[in-house]
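Peer 1: When you line the sequence shown up against this note's numbering, it's residues 663 to 876, in that order.
A virtual CB, placed ideally from N, CA and C, is assigned to each residue, including glycine.
All values reported here derive from a predicted model rather than from experimental measurement.
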Amino acid sequence: MAETEFVFMRHAESQSNLLGTVTSARPGTGLSLEGVQQAGLAGRKSALGRLSVILSSPLRRARETAEHVRGAGPDRIRELAILADDRLREFEVGELEGRTDDAARRQLWSAWSRWLDQDDLGHRPAEHSESGRDAVERFQDFVRATAAARPGQRILVVSHGTLLQLALTCLCVNIPTRNVHDRWISNTGLVQATHVNNELICTQWEAPRPKAVV
Numbered sequence: 663m664a665e666t667e668f669v670f671m672r673h674a675e676s677q678s679n680l681l682g683t684v685t686s687a688r689p690g691t692g693l694s695l696e697g698v699q700q701a702g703l704a705g706r707k708s709a710l711g712r713l714s715v716i717l718s719s720p721l722r723r724a725r726e727t728a729e730h731v732r733g734a735g736p737d738r739i740r741e742l743a744i745l746a747d748d749r750l751r752e753f754e755v756g757e758l759e760g761r762t763d764d765a766a767r768r769q770l771w772s773a774w775s776r777w778l779d780q781d782d783l784g785h786r787p788a789e790h791s792e793s794g795r796d797a798v799e800r801f802q803d804f805v806r807a808t809a810a811a812r813p814g815q816r817i818l819v820v821s822h823g824t825l826l827q828l829a830l831t832c833l834c835v836n837i838p839t840r841n842v843h844d845r846w847i848s849n850t851g852l853v854q855a856t857h858v859n860n861e862l863i864c865t866q867w868e869a870p871r872p873k874a875v876v
């Protein structure tokens, strides 16, 4: 079976990142001025060569990132379609939506220990939020369906920090679940992976930038 290559990108800095807002609401905020610059620079990354299509979360910050990346890339990238896929939306934060206080961020942050250290993906960090398993399973469905529909292609996927960090840590067969915060995906950070024989194998996990906004 032909391999499918994925280039997963976290969206550029958004207005909600600047404000420290916990949010998964739709359509969400757009990019900050710094985020627009980040996305433009990301479009010039060598890893984005040979792309066949760009798939994006429908949330505004991800869609704007995809558009700026495409606009800053070489001619071939500028001609690519950007297709939205709801399975790429951010982890649903439930009752934490819109909060900017430290207690809310700690509550969400503490979920990582339950999900990965205690192997409790069923944990929900807040009322009406997704569980870790909910998020991982919908992302896995996206990966499998996309790989089946696009064998042999190289695909840019623009999504969100919590979803990408959790799902890729759980689904890439060669990535440990420990010390997840040491490899947190920065805004416009990339994780490259290959889907082959129904497995997702990480080929490059870009090192986080210092003081990344999470």
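1. Buried or exposed for S708, please, with buried defined as at least 16 other CB atoms from any protein chain shown within 10 angstroms of its CB.
2. Locate the alpha helix (DSSP H) running through T727, then write down its first and last residues.
3. DSSP has L833 in a bridge; who is on the other side?
4. What does the Cβ neighbour count give for A869, buried or exposed, with the cut at 16 atoms within 10 Å?
5. Mapping DSSP to helix, strand and coil, what is H857?
6. Within 10 Å of its beta-carbon, does T824 have 16 or more other beta-carbons around it, so buried, or fewer, so exposed?
7. Could you compute how far the alpha carbon of D747 sits from the alpha carbon of Q780?
8. Cβ atoms of A797 and E729: under 9 angstroms apart, would you say?
9. Compute the distance between the beta-carbons of F668 and T808, then report whether it is under 9 angstroms.
10. Cα separation between L693 and V684?
11. From A766, L818, R800, A829, pick the residue whose C-alpha is nearest to that of W777; which is it?
Peer 2: Quick answer:
1. Position 46 of the sequence shown, counting from 1, holds the residue named residue 708. When all chains shown are included, S708 counts as exposed.
2. On the sequence shown, residue 727 is found 65 positions in, with the first residue counted as 1. For T727, the uninterrupted alpha helix (DSSP H) run begins and ends at 722–734, by DSSP.
3. Indexing the sequence shown from 1 puts residue 833 at position 171. DSSP, once it has assigned bridges, lists no residue as partnering L833.
4. As a position in the sequence shown, residue 869 is number 207, starting the count at 1. Flag for A869 reads exposed.
5. Looking up residue 857 in the sequence shown gives position 195. Strand at H857.
6. The residue given as residue 824 occupies position 162 in the sequence shown. Result: buried.
7. Here residue 747 corresponds to residue number 85 of the sequence shown, with the count starting at 1. Here residue 780 corresponds to residue number 118 of the sequence shown, with the count starting at 1. Spanning the two alpha carbons is a distance of roughly 31 angstroms.
8. Numbered from 1 along the sequence shown, position 67 holds the residue referred to as residue 729. Numbered from 1 along the sequence shown, position 135 holds the residue referred to as residue 797. No, the Cβ-Cβ distance between E729 and A797 is not below 9 angstroms.
9. On the sequence shown, residue 668 is found 6 positions in, with the first residue counted as 1. On the sequence shown, residue 808 is found 146 positions in, with the first residue counted as 1. Yes. Within cutoff.
10. To locate residue 693, count along the sequence shown from 1; it is residue 31. To locate residue 684, count along the sequence shown from 1; it is residue 22. Rounded to the nearest angstrom, the gap between the Cα atoms of L693 and V684 is 15 angstroms.
11. The residue given as residue 777 occupies position 115 in the sequence shown. The residue with the shortest Cα to Cα distance from W777 is A829.
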